[in-house]
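The structure under discussion appears below in the form of structure tokens.
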Amino acid sequence: MKILCSSDWHLGKKLENKQRIDEQKEVLQWILEVVDVEKPDVFIVAGDIYDTAVPTAQAEELFYDFASKVGEKTLFVAIAGNHDDALRLSVASPLAKRHNILLFGESYMSVDTENLSADNSGFTYVKDGEKLCVAVLPYPSERALGVMYGENYEDKVAKKIQELSERYEENATNVFVSHLFMSGSEDKTSDERELGSAKLLSKEILPDCDFVLLGHVHKPMVVSHKKNAHYSGSLMPYSFDDVTDKRLMMFDTKDKSLKDILISGYKKCVRKEADTYEQAIQVLDEANEWVELHYTGEPLTMTQVASLRRHSACVKIVVENKAVIVKKDRKALSGRELFMEFYKKQKSTEAPERLVNVFADYLAKAEEGENEAD
22 MKILCSSDWH
32 LGKKLENKQR
42 IDEQKEVLQW
52 ILEVVDVEKP
62 DVFIVAGDIY
72 DTAVPTAQAE
82 ELFYDFASKV
92 GEKTLFVAIA
102 GNHDDALRLS
112 VASPLAKRHN
122 ILLFGESYMS
132 VDTENLSADN
142 SGFTYVKDGE
152 KLCVAVLPYP
162 SERALGVMYG
172 ENYEDKVAKK
182 IQELSERYEE
192 NATNVFVSHL
202 FMSGSEDKTS
212 DERELGSAKL
222 LSKEILPDCD
232 FVLLGHVHKP
242 MVVSHKKNAH
252 YSGSLMPYSF
262 DDVTDKRLMM
272 FDTKDKSLKD
282 ILISGYKKCV
292 RKEADTYEQA
302 IQVLDEANEW
312 VELHYTGEPL
322 TMTQVASLRR
332 HSACVKIVVE
342 NKAVIVKKDR
352 KALSGRELFM
362 EFYKKQKSTE
372 APERLVNVFA
382 DYLAKAEEGE
392 NEAD
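Residue numbers (this note's numbering): 22 to 395.
Okay, structure coming up:
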């Protein structure tokens, strides 16, 4: 059998304030074409289907539309990640299973047909005389595991994995799928920094099986050669620290080989420099990516900054030279602000509030005198 693998889609996620749902839709459409060409027997997504526990209607519609189309061609399987609401994801299981879709979260799962059987611990699939046994562990939060005060989280996860391994069979291909943060996978491209070291798990707790597919880390990487454990990485880059080429993985049960399929259809996240306003505009106009613009030139006016920020390619502006400050248009400044700016330039310190108030009073009286003269 051929198993197509992916994870960390984060449907509905924005890049700063930039919407990417159309971009995600384009990538999923490309994946449908891959399914048509590669003809996998099973397609598994290892968690973080959505970016939030309460996804937008657009994000949910995109997922279910995609899942139903894949289900017409092959068995589609998805598990909950730490960004997903496990109950919300799996509550559609009774309907989903009728469309060749298995959703693993917190809801009760039960399938029993001639070729496919499933429960909350995973599924067994038989095709052309070959048997595939897959144990699944949706993101194991402390609440889901029932971790009590003083108990060790890793011990609880290890025990759960050991229990799940009981569904493996001697004359079958045995696979483990989960959404975990394993030691050796520390990486700045995903959300594991938010979890803290308490959730960092030893790779030794992974089961001895033919293949381990993990989600959570956005960078594709090998967790353990010995246990054939891999992170497939995210659907597309979601930060400017992530410069990895995104991919799907295809595991072949026949020879236990793994093939990468580079994903197409998304925009990369890049950092680019400019030292003039004109160059900055040119950089953004020529970009086919999402740009974090690093500006190193003379001070920009507020109007120029606003113009750059409105550009469709510009996600963020970073001023590299700390001596450079954003200069406001002088016409837009009040007399009080002009005085404060002048004082700071002359004295290299902020104007005392009392002095500013005295100046503001004199300025107000002067303006009143001008109005009376008019």
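The beta carbon of each residue, even a glycine, is placed where N, CA and C say it ideally should be.
In the three-state DSSP reduction, tyrosine 383 falls in the helix class (H, G or I).
Our two residues, phenylalanine 84 and tryptophan 51, have alpha carbons roughly 14 Å apart in a direct line. For the pair lysine 248 and leucine 227, the CB atoms are nearer than the 7 Å cut-off.
With a cutoff of 7 Å on beta-carbon distance, cysteine 230 and glutamate 190 are scored as not near each other.
With 16 or more other CB atoms across the displayed protein chains lying within 10 angstroms of its CB, histidine 200 is buried. By the C-beta density criterion, serine 223 is exposed, having fewer than 16 other C-beta atoms within 10 angstroms.
Three or more pairs of CB atoms, one per stretch, sit closer than 8 Å, so the segment 92-99 contacts the segment 58-67.
The shortest C-alpha to C-alpha distance from methionine 203 to any of Asn173, Lys177, Val238 is the one to Val238. Note on geometry: alpha-carbon atoms of leucine 384 and proline 373 lie some 17 Å from one another. When the beta-carbon positions are compared, threonine 77 and glycine 126 stay at least 7 Å from each other.
Two segments are said to touch when three or more pairs of C-beta atoms, one from each, lie closer than 8 Å; by this definition the segment 286-297 touches the segment 308-326. Comparing alpha-carbon positions, the option among Ser28, Val312, Trp311 lying closest to histidine 104 turns out to be Ser28. Residue pairing by DSSP places histidine 251 opposite Leu234, Val243 in a beta bridge.
Each residue's CA atom was taken as its position, placing aspartate 57 and glutamate 175 some 40 Å apart. Taking each of Ile42, Leu36, Phe87, Asp106 in turn and checking the Cα distance to glycine 68, the smallest one comes out for Asp106. The Cβ-Cβ distance between glutamate 313 and phenylalanine 261 falls below 7 Å. A buried status is given to aspartate 72, since no fewer than 16 other beta-carbon atoms sit within 10 Å of its beta-carbon. The continuous alpha helix (DSSP H) containing valine 178 extends over residues 174-185. DSSP places arginine 375 in the helix class (H, G or I) of the three-state scheme. Lysine 368: not part of any beta strand (DSSP E); member of the alpha helix (DSSP H) spanning 356-368, first to last residue.
Counting only the Cα atoms, tyrosine 129 lies some 6 Å from asparagine 141.
For methionine 22, the three-state secondary structure derived from DSSP is coil. Taken atom to atom, the span from the alpha-carbon of glutamine 325 to that of isoleucine 302 is near 10 Å. Straight through space, the alpha carbons of isoleucine 100 and isoleucine 182 are spaced by roughly 15 Å. Contact annotation: threonine 194 and threonine 274 have beta-carbon atoms nearer than 7 Å. Alanine 156 is bridged by DSSP to Gly143, Phe197.
Assigned with DSSP and collapsed to three states, tyrosine 189 falls in coil, not helix or strand. Check the Cα spacing between alanine 250 and each of Lys177, Val196, Leu256: the tightest is with Val196.
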